[in-house]
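Here's the structure, in structure tokens; my notes come after.
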Amino acid sequence: MARLKAPIGIFGGTFDPVHFGHLRSAFELKQALGLAQIRFIPCGNPPHRAAPIAEAALRVEMLRCATRKRPGFVVDDREVQRPGLSYTVDTLDSLREEFPATPLCLIVGMDSFLSLPKWYHWQRILDLAHVVVAHRPGWQAPGDGALGQLLTDRGTELVADLHAAPAGLIFVHEVTQLEIASTGIRALIAKGHDPQFLMPDCVATLIREAGCYGSAPGKDNET
Ligand code: ATP
361 MARLKAPIGI
371 FGGTFDPVHF
381 GHLRSAFELK
391 QALGLAQIRF
401 IPCGNPPHRA
411 APIAEAALRV
421 EMLRCATRKR
431 PGFVVDDREV
441 QRPGLSYTVD
451 TLDSLREEFP
461 ATPLCLIVGM
471 DSFLSLPKWY
481 HWQRILDLAH
491 VVVAHRPGWQ
501 APGDGALGQL
511 LTDRGTELVA
521 DLHAAPAGLI
531 FVHEVTQLEI
541 ASTGIRALIA
551 KGHDPQFLMP
561 DCVATLIREA
571 GCYGSAPGKD
581 NET
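Everything in the sequence shown is counted per my numbering, starting at 361 for the first residue and increasing by one.
Right under this line is the structure:
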């Protein structure tokens with residue numbers, strides 16, 4: 361069999377807005393798993409949650425500035441370009457077509473992993489990609505049930521296994537716990553506070569310029 365290329369990480373989310381919790385996790389996973397790149401894929405129309413507040417174009421722009429000059433960080437807007445609901449399995453199908461000989465590593469938080477059986481055509485996901493579960497605070501890996509069984513059957517603790525097969529394995533990895541969430545950032549901005557040190561400065565600037573999330577001049581910087 362032809363040698364596979366280095367794996368690609370796929371980091372989906374609403375990124376409404378992107379913050380250091382996302383960026384630090386992506387960076388650590390890229391290093392730890394020897395990923396050739398991480399593709400940040402903002403969701404167009406999420407099937408399982410309310411529509412994002414920021415326009416898709418702004419969420420893409422925020423990601424682009426947050427990842428500029430970061431080697432291997434790629435913004436991929438295929439979901440916002442695609443009409444209809446943004447199903448992960450459709451995204452993986454199109455990535456598999458584009459990268460036939462490359463392992464794909466779908467990165468999900470433990471919270472998302474626990475809801476995997478509710479995802480559209482979830483059983484096909486492991487045919488198309490590995491699933492890399494990033495630990496978040498307060499979440500336990502399932503020990504029993506369908507997901508516990510799946511972890512037993514498909515789990516691996518070896519990074520080399522992710523490089524040796526194009527898809528099909530589950531790898532759980534702990535990332536530095538930064539308790540930052542977009543929801544909290546949106547609430548903070550709506551109250552007129554400055555989100556600095558939670559996200560790159562260029563993202564905060566874009567939010568301010570767009571007047572997004574009810575942003576007004578930051579009252580934290582008044583003298
Ligand atoms: P919201 O508060 O709007 O739900 P969020 O901050 O959880 O947003 P999303 O864009 O929904 O961000 O998340 C995209 C992915 O990033 C998900 O897999 C999620 O588990 C992960 N993620 C979000 N916040 C963090 C964080 N602080 N540390 C590590 N991973 C995170």
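Here a beta-carbon is modelled for each residue, glycine too, at the ideal position from N, C-alpha and C.
To the nearest angstrom, how far is it from the Cα of G574 to the Cα of R568? Here residue 574 refers to the residue found at position 214 of the sequence shown. Here residue 568 refers to the residue found at position 208 of the sequence shown. Approximately 9 Å between the Cα atoms of the pair.
For a quick check, are the C-beta atoms of T512 and K365 less than 8 Å apart? Translated into the one-based positions of the sequence shown, residue 512 becomes position 152. Translated into the one-based positions of the sequence shown, residue 365 becomes position 5. Not in contact: T512 and K365 (Cβ atoms no closer than 8 Å).
In the region 425-471, which residue ranges form an unbroken alpha helix (DSSP H) of at least 4 residues, counting only runs that do not cross its ends? Runs found: 438-441 and 448-458.
Pairwise C-alpha distance: L383 and D450: For the purposes of this step, residue 450 is taken as the residue at position 90 of the sequence shown. For the purposes of this step, residue 383 is taken as the residue at position 23 of the sequence shown. So the two alpha carbons sit approximately 24 Å from each other.
Throw me the rounded Cβ distance for the V435 and R424 pair, which I believe falls under 8 Å. Position 75 of the sequence shown, counted from the start, is the residue given in the question as residue 435. Position 64 of the sequence shown, counted from the start, is the residue given in the question as residue 424. Beta-carbon to beta-carbon, V435 and R424 are separated by about 5 Å, close enough to satisfy the 8 Å threshold.
Give me, in chain order, the residues of the same chain whose beta-carbon lies closer than 8 Å to that of T583; leave out the 5 immediate sequence neighbours on both sides. Taking the first residue of the sequence shown as position 1, residue 583 is located at position 223. Its pLDDT being 46, under 50, T583 is placed unreliably by the model, and the measurement read from it follows with that caveat. So no residue of the chain qualifies.
Cα separation between G444 and C403? Along the sequence shown, read from residue 1 onward, the residue named residue 444 stands at position 84. Along the sequence shown, read from residue 1 onward, the residue named residue 403 stands at position 43. Taking the straight line joining both Cα atoms gives about 11 Å.
For the structure I just gave you, are there three or more beta carbon pairs, one from the region 385-405 and one from the region 539-548, closer than 8 Å? Touching, no, given that fewer than three Cβ pairs across the two stretches are closer than 8 Å.
Residues bridged to I540 by DSSP? On the sequence shown, residue 540 is found 180 positions in, with the first residue counted as 1. Paired residue(s): none; I540 is not in a bridge.
Measure how close the beta-carbons of H481 and G528 come, nearest whole angstrom, since I'm counting them as under 8 Å. Locating residue 481 in the sequence shown gives position 121, where the first residue counts as 1. Locating residue 528 in the sequence shown gives position 168, where the first residue counts as 1. In this structure H481 is not in contact with G528, their Cβ atoms being roughly 16 Å apart against a cut-off of 8 Å.
What did DSSP end up calling R363 once you bin it into helix, strand or coil? Locating residue 363 in the sequence shown gives position 3, where the first residue counts as 1. Reduced to three states, the DSSP call for R363 is coil.
Opposite R399 in the DSSP bridges: which residues? To locate residue 399, count along the sequence shown from 1; it is residue 39. I370 and V434.
Skipping 5 residues on each side, what residues in its chain have a beta carbon closer than 8 Å to that of A392? If you number the sequence shown from 1, residue 392 lands on position 32. If the five residues before and after A392 are omitted, its C-beta is found closer than 8 Å to the C-beta atoms of V519 and H533, all from its own chain and listed in chain order.
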